[in-house]
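Residue numbers (the numbering used here): 287 to 799.
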Ligand SMILES: [Zn+2]
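Okay, here's the thing in structure tokens:
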């Protein structure tokens with residue numbers, strides 16, 4: 287007999303038709319049985335372990351539907367500017383890093399200009415004050431803006447003719463890079479890490495992820511906008527090495543080269559195929575002007591006809607495709623492309639995805655539901671940007687309150703799954719679940735059960751893995767977690783404080799708190 291583990295006395299939320307159960311029996315790497323009362327006793331002979339659930343919530347392992355694995359790993363070692371409120375505090379952090387690194391590249395993350403006293407981005411002259419003898423690269427909170435010091439500009443040799451090089455009145459670069467130029471720099475920066483660096487970074491992130499109950503991720507690798515090429519270093523790393531880590535990684539290869547993905551035997555492409563930019567950088571494509579930048583409506587990062595061609599090729603070859611679209615104008619473009627592909631190649635089980643879809647309108651929800659398009663959304667954005675006076679309101683003005691309308695999305699019949707976009711938001715799924723249940727705009731809130739579905743069975747469906755994972759159903763893989771409390775009894779505004787006590791991956795106890 288294979289090893290058996292029984293969890294008794296739990297508050298199991300099974301996320302299938304059964305809904306609840308008191309106990310679960312695991313045999314080998316699969317779930318053998320689920321039931322109520324004392325029924326577990328008939329499986330108890332010769333068991334390996336009996337875990338007392340102590341009336342705490344038992345769930346299928348969390349699935350993070352949008353996780354940047356390589357960046358999350360590497361960024362653990364970046365300078366964190368989350369708390370910076372003025373240029374001086376940025377300078378202090380950079381100086382401290384310089385003292386440790388001595389001439390090496392310094393990368394900093396999470397700069398939020400809306401929270402700075404100066405109310406603008408620092409430029410190269412500001413960064414030069416704190417470090418002028420090593421390259422410094424500072425990323426904005428959404429990784430869509432990059433600032434270099436003068437040393438960094440010379441070091442990376444970015445051609446000033448590229449789109450996205452900000453110039454001053456004398457025609458000199460200010461050090462602020464976006465779009466094409468930002469992407470080129472991303473590639474240069476991330477390619478400067480070796481496979482050993484990446485392996486070390488990813489390995490050291492595993493415990494933290496398992497510790498918050500994540501057992502599967504959609505690995506969105508290769509996050510830059512130069513995606514027309516076949517190969518990407520981060521994608522290749524996960525393709526080659528992803529299987530050796532304890533968390534299952536479903537690779538979304540960022541490329542538009544359909545043949546290349548087919549040759550590799552992958553069933554999907556995209557994930558980071560950017561149709562537009564972000565609201566933070568005012569590059570998300572809106573159908574109205576940004577409230578804090580009249581005349582500006584964001585931009586498309588891809589040619590419309592080229593996008594349609596790629597999506598049609600994916601449908602022709604039965605590949606799943608995931609497009610990254612934030613503004614309503616970009617979402618419209620994604621829906622147009624899916625609609626065209628269906629009209630040409632017929633409706634099959636494509637499970638096309640739109641990543642983030644922050645500003646989907648009610649009319650677009652209806653279209654997405656009709657086309658069977660999945661939305662892969664990021665509830666924790668509301669936690670960091672959605673409050674009154676926050677970034678969303680600054681950018682949207684009178685349109686504030688239209689972001690991440692989870693309630694309406696569920697009601698329109700769309701399958702919506704949840705991801706952290708780590709490391710842009712906290713990878714802990716309980717944070718995303720909290721923000722979906724406690725959306726700052728009350729009418730967009732969903733129930734706890736619905737929020738949990740986003741991170742379990744809907745996440746599985748969005749990966750074509752609903753027969754293997756996503757619910758506590760006999761026969762499925764034993765990816766099971768026990769939380770530290772019974773969350774059904776908790777006040778909703780306490781959800782994000784709940785920790786994971788036990789994580790079981792494929793029948794193996796990986797974490798026990
Ligand atoms: Zn992302």
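Where a beta carbon is used, it is the ideal one built from N, C-alpha and C, also for glycine.
- The residue among 413, 311, 425, 388 with its C-alpha nearest the C-alpha of residue 361 is 425.
- Checking the 8 Å criterion, the Cβ of residue 707 is within range of a heavy atom belonging to ligand 1.
- By the neighbour-count criterion, in which a residue is buried when 16 or more other Cβ atoms sit within 10 angstroms of its Cβ, residue 421 is buried.
- For residue 559, the closest of 336, 596, 346 by C-alpha to C-alpha distance is 596.
- Inclusion of residue 623 and residue 652 in the CB contact set at 9 Å is not warranted, their separation being larger than that value.
- The continuous alpha helix (DSSP H) containing residue 671 extends over residues 666-671.
- According to the DSSP secondary-structure assignment, residue 366 is paired through a beta bridge with 395.
- In terms of Cα proximity to residue 611, the closest of 591, 634, 584, 630 is 584.
- Here residue 735 carries a helix assignment [DSSP, helix/strand/coil].
- Annotation: the continuous beta strand (DSSP E) that includes residue 335 extends over 335-338.
- Counting along the chain, the unbroken alpha helix (DSSP H) around residue 494 starts and ends at 481-497.
- Short of 8 Å from the beta carbon of residue 702, and not among the five residues preceding or following it, lie these beta carbons of its own chain, in chain order: 660, 661, 662, 663, 692, 695, 696, 740, 744.
- Counting along the chain, no alpha helix (DSSP H) covers residue 586, and no H or E run does either.
- Listed in chain order, the beta strand (DSSP E) elements of length 3 or more contained wholly in the segment 648-708 are 660-663, 702-704.
- In chain order, 581, 582, 583 place their CB closer than 7 Å to the CB of residue 575, counting only its own chain and leaving out the 5 sequence neighbours on each side.
- Taking 9 Å as the cut-off, the Cβ atoms of residue 400 and residue 566 count as close.
- Setting aside the 5 residues that flank it on each side, residue 646 is surrounded in the same chain by 617, each with a C-beta closer than 6 Å to its C-beta; the list follows chain order.
- One Cα belongs to residue 689, the other to residue 639, and the distance between them is close to 18 Å.
- Under the 8 Å Cβ criterion, the segment 331-342 does not count as touching the segment 353-369, having fewer than three qualifying pairs.
- Scanning 533, 534, 376, 505 for the CA closest to the CA of residue 521 turns up 505.
- Per DSSP, residue 606 is one residue of the beta strand (DSSP E) stretching across 606-611.
- Beta-bridge partners of residue 310 (DSSP): 293, 320.
- Note that the C-beta distance between residue 380 and residue 416 is below 9 Å.
- With a cut-off of 8 Å on Cβ pairs, the segment 453-463 is in contact with the segment 432-443, counting three or more such pairs.
- Of the candidates 402, 586, 340, the residue whose Cα lies closest to the Cα of residue 676 is 402.
- Looking at 454, 765, 446, the one whose alpha-carbon comes closest to that of residue 411 is 454.
- With distances taken between CA atoms, residue 533 lies nearest to 497 out of 497, 551, 540.
- Here residue 592 is exposed, its C-beta having fewer than 16 other C-beta atoms within 10 Å.
- In the assembly as shown, residue 681 is a buried residue. Its beta-carbon has 16 or more other beta-carbons within 10 Å.
- Residue burial annotation: residue 791 is buried, with at least 16 other C-beta atoms found within 10 angstroms of its C-beta.
- Taking a C-beta distance under 9 Å as the contact criterion, residue 354 and residue 710 qualify as a contact pair.
- Setting aside the 5 residues that flank it on each side, residue 387 is surrounded in the same chain by 420, each with a C-beta closer than 8 Å to its C-beta; the list follows chain order.
- With a cutoff of 9 Å on beta-carbon distance, residue 756 and residue 349 are scored as near each other.
- Residue 350 has its CB no nearer than 8 Å to any heavy atom of ligand 1.
- Short note on residue 710: C-beta closer than 8 Å to some heavy atom of ligand 1.
- Residue environment for residue 477: exposed (fewer than 16 other C-beta atoms within 10 angstroms of its C-beta).
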